[in-house]
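Enquirer: Please see the structure below; I have some questions.
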Amino acid sequence: MFAVTRLRATGDDGAALAAAVQPLLAALATRPGFLHGELGRSADDPSLWALVTRWDGVGSYRRGLGAADVKIAGAPVWVHALDEPGVYLTD
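Take full-length UniProt numbering: the last position of the sequence shown gets the number 91, and nothing is skipped along the way.
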């Protein structure tokens, strides 16, 4: 499964967001079931970003996001998140 979290940040907030994603991905990398993650910026709207993560299942994804170190590392990222569904099953 994969998760897409769309984020909105402009100017200095965009630079801070991009920097904050690396510690979040490092924290996620320690969680069982995490496969890969990357951040991308929209080619059409420079204030719109997407964080895409891949997991071996929904359970691993939910447990991974619930870990204390992930919550702490993710706080500066999640503040930019758009409120919309973002988990997609691939099986």
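Idealized CB from N, CA, C, for every residue including glycine.
(1) Can you name the start and end residues of the beta strand (DSSP E) that Ala67 belongs to?
(2) Helix, strand or coil: which one does DSSP assign to Val4?
(3) Take the Cβ of Gly64 as the centre, count every other Cβ of all protein chains shown within 10 Å, and call the residue buried at 16 or more, exposed below.
(4) From the DSSP output, which residues share a beta bridge with Tyr61?
(5) Report the rounded CA-to-CA distance for Glu38 versus Val79, giving the unit in angstroms.
Expert: To lay it out plainly:
(1) Premise fails: Ala67 is in no beta strand (DSSP E) and is neither H nor E.
(2) strand
(3) buried
(4) Paired residue(s): none; Tyr61 is not in a bridge.
(5) 18 angstroms
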